[in-house]
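Visitor: Letter 385 of the sequence shown, counting from 1, is numbered 389 in the numbering used here, and no numbers are missing. I have a structure I would like to understand better, so I am pasting it below and will then ask my questions one at a time.
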Amino acid sequence: MAIKRPKGTEDHLPAGSPKLTLDVSAQAHAWVVETARRVLERAGAQRIDTPLFEEADLVKRGVGGSTDIVRKEMFTVYYFGDHGGYILRPEGTASIVRAFLQNGLKQLPSPLKLWTHGPMFRAERQQRGRLRQFHQVDYEVLGGSDALVDAEAIALMVGVVRELGLTGVRVKLGSIGDPEDREAYNLYLRELFTPHLERLSDDSRDRLTRNPMRILDSKSEDDQTLIAQLNVKPMLDFLGEDARANFDAVQGYLRDWGVEFDVDPSIVRGLDYYRRTAWELHHEGVGAKSALGGGGRYDGLAEQIGAQAVPGIGWAFGVERLLIALEAEGRALPAQAGPVVYVAALEDSLVPEAAAAALAARTTVRAEFAYRALKPGNAFRDAERRGALFAGLIGSDEATARSVQLKNLRSAEQFTVLLSDLPAFLHEQEQAHLTLLENA
Ligand code: AMP
5 MAIKRPKGTE DHLPAGSPKL TLDVSAQAHA WVVETARRVL ERAGAQRIDT PLFEEADLVK
65 RGVGGSTDIV RKEMFTVYYF GDHGGYILRP EGTASIVRAF LQNGLKQLPS PLKLWTHGPM
125 FRAERQQRGR LRQFHQVDYE VLGGSDALVD AEAIALMVGV VRELGLTGVR VKLGSIGDPE
185 DREAYNLYLR ELFTPHLERL SDDSRDRLTR NPMRILDSKS EDDQTLIAQL NVKPMLDFLG
245 EDARANFDAV QGYLRDWGVE FDVDPSIVRG LDYYRRTAWE LHHEGVGAKS ALGGGGRYDG
305 LAEQIGAQAV PGIGWAFGVE RLLIALEAEG RALPAQAGPV VYVAALEDSL VPEAAAAALA
365 ARTTVRAEFA YRALKPGNAF RDAERRGALF AGLIGSDEAT ARSVQLKNLR SAEQFTVLLS
425 DLPAFLHEQE QAHLTLLENA
C-alpha cells in the first residue's frame, strides 16, 4: 500500500497544487513568517532558533507536569543507546529561556526581544486547526517586567495580524496576579469545589489538590457545567494592589495606542511560574474554543528550568489557525510570481544554449528554460502557463549571433538581445513591468 503522511501532519504545497488552501500553502506559511519578521524586527526583536528536540526535563519543568501536553501529548525521541528520551518540543518558550540562560544572553542589552518560528509537536486528537505537527511564530522578551513591556508585546502581536490583513480579531485580556494572589484564589477554589468532588472529572479532582485554578481550564463539559453553576468568582477579583495597578497600566497603554481588547476574567494560566498579564487572540472563523494565539508573563519560569530568576513575557500564534482565519475572511492565496523569462531552443542541439541563457539571466531575474526543443507556438504557450513575462527563443541564427529573440507576452513587443546584455536588459524590463503594475 502506498505510504501516507502521519496522522495530524500536513504537507505544505507549492502554488498550483490541486485543492490548495491557505493553511497548506507553503507560500502562505512563508508569507506569514516573513510578515511577522518584518513587524517584529522593526521593534528590535532578534531571531533565535533552538533545536526541535529538548531534554525531557526541560519540557516537563518548562511546560508543567500537570498539563495535558506533558501528561498525554509528548512525542518522545529515542535513538540507539541513548539515556532515555528527548521530547519533540511542544512549544517554544521553555527552549528560548533555556537558550537565554545557557548562552549568557543576559549580557545583551536588556530587555532582550527574541522571536522564532517553526514546527511544534503535540500528540493531540486531529481536527481542523488542531494538528500533531503545527507551526508557531513566537515572540519572547526576557529581562523586563514593566507594564510597558507587556503592553508592547500585545500591541506587536496585534500588529502582526493587522499587517497580514486580518480584521476580525479580538484580544481577550486578563491578569492572574502575583503568586500570593493566586494562592488566595486557589484557597477559595478549593473551598468552593471540595463539596462537589463527585461531580468533577478525574483530571479535575487531581487538579483540586495540585492546582485548583487549572479546573477552570478543563475541557470536560461536566466540569464546565459545574463551574457555571457555582458562579465562580474570577481571578481578577483576587488581584492584590500591585498586580491591579500593573493590570490598569497595561490597559492604559493599549488604549493610548488604539489597540482594542476586552477584559476577560476567564483567562487563566494555571502554572506556578505565570504572573500577571495573560491574554488570548480570538477570531470567529477559527471557533470560540480555539485561540489564534496566546501569551503571558512568566517571571517564575527561568528559575524553574535554570538557576537564575529572569522576568519574561511572550506569545505565540499558530500559523495554521491564522491562515484558516484569513481564509474565513476571504483572503486569496498570495500570488507566486512567474519567471521573468522562459527560454526555449528551437532545435535539439541548441537546448544547452537555452539553459545557459537562463542561467545567465538568473544573476538578475527569475529565469527558466525548456529541457527539450520546442516549436515557437509551444514555447509561447508553455511560457504563458508558467506566468512568464517574456518568452525567449534560440534558433540557429540566434546561436550564431550569441543572442536571444525575446517576446513580451503582455505587449507582444519583440527584441533581439545579445546574451551578454540579457541579465541587465531583463532586470530593466522587470522593473518597468513592476512600475506599470504599481501605477495600474
Ligand atoms: P499554546 O502554546 O498552547 O498557548 O498555543 C498557542 C497557539 O498555538 C494556539 O493559540 C494555536 O494557535 C496554536 N496551537 C496550539 N496547539 C495547536 C495544535 N495542536 N494545532 C494547531 N495549532 C495549535
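Note that the Cβ used here is the ideal one computed from N, Cα and C, for glycine as well.
#1: Identify which residue in LEU24, THR171, GLY334, VAL345 has its Cα closest to the Cα of LEU410.
#2: Quick one: does the C-beta of ALA295 sit closer than 7 Å to a heavy atom of the ligand AMP?
#3: Is any heavy atom of the ligand AMP found at a distance shorter than 7 Å from the C-beta of LEU135?
#4: Can you check whether the CB of PHE251 is closer than 8 Å to the CB of LEU243?
#5: Comparing the CB of GLN106 with every heavy atom of the ligand AMP, is any distance shorter than 7 Å?
#6: Would you say the region 380-391 touches the region 332-343, given that touching needs at least three Cβ pairs under 8 Å?
#7: Beta carbon of GLY69: closer than 7 Å to some heavy atom of the ligand AMP?
#8: In chain order, which continuous runs of the beta strand (DSSP E) of length 3 or greater are located wholly inside the region 109-152?
#9: Just list the residues that DSSP pairs TYR346 with in beta bridges.
#10: Can you give me the C-alpha to C-alpha distance between ALA32 and VAL267, rounded to a whole angstrom?
#11: Under 8 Å by Cβ, that's how I've got LEU220 and VAL153 pegged, so tell me the actual separation to the nearest angstrom.
#12: Below 8 Å on the Cβ atoms is my contact criterion, and I expect LEU196 with VAL141 to pass it. Report the Cβ-Cβ distance as a whole number of Å.
#13: For SER179, which beta-bridge partners are listed by DSSP?
#14: Within the 8 Å Cβ cut-off, does LEU112 reach chain C?
#15: Grouping DSSP H, G and I as helix and E and B as strand, with all else coil, what is ASP276?
#16: Exposed or buried, what is GLN433 when buried is set at 16 or more other beta-carbons lying within 10 Å of its beta-carbon?
#17: By DSSP's criteria, VAL81 is part of a beta bridge. Which residues make up the other side?
#18: Looking at PHE321 and the ligand AMP, is the gap between the Cβ and the nearest heavy atom below 7 Å?
#19: From the DSSP output, in three-state form, read off ALA49 for me.
#20: Helix, strand or coil: how does DSSP classify ILE317 here?
#21: Return the Cβ separation of ARG132 and PHE125 in integer angstroms, given the expectation that the two are a contact with Cβ distance under 8 Å.
#22: If we count the other Cβ atoms within 10 Å of its Cβ and call it buried at 16 or more, is MET3 buried or exposed?
#23: Quick one: Cα of LEU296 to Cα of GLN106, how far?
#24: Closer than 8 Å is the cut-off here; do at least three beta carbon pairs connect the region 50-61 with the region 162-172?
#25: Less than 8 Å between the beta carbons of LEU378 and ALA348, yes or no?
#26: The ligand ATP heavy atoms versus the CB of GLY85: any closer than 7 Å?
#27: Do ARG325 and SER294 count as a contact pair if the criterion is CB distance below 8 Å?
#28: Mapping DSSP to helix, strand and coil, what is GLU351?
#29: Who are the near neighbours of TYR278 in its chain, counting only those whose CB is closer than 6 Å to its CB and skipping five residues on each side?
Guide: Taking the definition as stated:
#1: Indexing the sequence shown from 1 puts residue 410 at position 406. Selected option, being the one with the closest Cα: VAL345.
#2: Stepping through the sequence shown from its first residue, residue 295 is reached at position 291. Correct: ALA295 has its Cβ closer than 7 Å to the ligand AMP.
#3: Counting from 1 along the sequence shown, the entry for residue 135 is found at position 131. Indeed, a heavy atom of the ligand AMP lies less than 7 Å from the Cβ.
#4: Within the sequence shown, the letter at position 239 stands for residue 243. Within the sequence shown, the letter at position 247 stands for residue 251. In contact: LEU243 and PHE251 (Cβ atoms closer than 8 Å).
#5: As a first step, residue 106 is located in the sequence shown; it is residue number 102 there, counting from the start. Every heavy atom of the ligand AMP is 7 Å or more from the Cβ of GLN106, so no.
#6: yes
#7: Residue mapping note: residue 69 aligns to position 65 of the sequence shown, counting from 1. It does not: the Cβ of GLY69 is nowhere closer than 7 Å to a heavy atom of the ligand AMP.
#8: 116-125, 137-146
#9: Taking the first residue of the sequence shown as 1, we reach residue 346 at position 342. In the DSSP output, where bridge partners are listed per residue, TYR346 has GLU372, ALA395.
#10: Residue mapping note: residue 32 aligns to position 28 of the sequence shown, counting from 1. Residue mapping note: residue 267 aligns to position 263 of the sequence shown, counting from 1. Taking the straight line from one Cα to the other gives about 32 Å.
#11: Along the sequence shown, read from residue 1 onward, the residue named residue 220 stands at position 216. Along the sequence shown, read from residue 1 onward, the residue named residue 153 stands at position 149. Contact doesn't hold; Cβ gap of about 26 Å is too wide.
#12: Along the sequence shown, one-based indexing puts residue 196 at 192. Along the sequence shown, one-based indexing puts residue 141 at 137. Actually they are not in contact, since the Cβ atoms of LEU196 and VAL141 sit about 38 Å apart, beyond 8 Å.
#13: The count along the sequence shown starts at 1 and reaches residue 179 at position 175. Per DSSP, THR281.
#14: The chain inventory of the structure shown lacks chain C, comprising one protein chain alone.
#15: For the purposes of this step, residue 276 is taken as residue 272 along the sequence shown, with counting starting at 1. Reduced to three states, the DSSP call for ASP276 is coil.
#16: As a position in the sequence shown, residue 433 is number 429, starting the count at 1. Result: buried.
#17: The residue you call residue 81 lines up with position 77 of the sequence shown. TYR90, per the DSSP bridge assignment.
#18: Residue 321 sits at position 317 when you count from the first residue of the sequence shown. Yes, the ligand AMP has a heavy atom inside 7 Å of this Cβ.
#19: As a first step, residue 49 is located in the sequence shown; it is residue number 45 there, counting from the start. Three-state DSSP puts ALA49 in coil, outside helix and strand.
#20: In the sequence shown, the residue the question calls residue 317 occupies position 313. Strand at ILE317.
#21: As a position in the sequence shown, residue 132 is number 128, starting the count at 1. As a position in the sequence shown, residue 125 is number 121, starting the count at 1. The Cβ separation is near 18 Å, so there is no contact.
#22: Residue numbering for the chain in the displayed model covers 5 to 444; residue 3 lies beyond these limits and cannot be assessed.
#23: Translated into the one-based positions of the sequence shown, residue 296 becomes position 292. Translated into the one-based positions of the sequence shown, residue 106 becomes position 102. Taking the straight line from one Cα to the other gives about 31 Å.
#24: no
#25: Along the sequence shown, one-based indexing puts residue 378 at 374. Along the sequence shown, one-based indexing puts residue 348 at 344. Contact: yes.
#26: Annotation note on the ligand ATP: not contained in the displayed structure, which lists the ligand AMP as its ligands.
#27: Locating residue 294 in the sequence shown gives position 290, counting from the first residue. Locating residue 325 in the sequence shown gives position 321, counting from the first residue. It is a contact, given that the beta carbons lie within the stated cut-off.
#28: On the sequence shown, position 347 is the one that residue 351 refers to. In this structure, GLU351 counts as coil in the three-state DSSP scheme.
#29: Against the sequence shown, residue 278 aligns to sequence position 274. Counting only Cβ-Cβ distances below 6 Å, and skipping sequence neighbours, we find ILE180, GLY300, TYR302.
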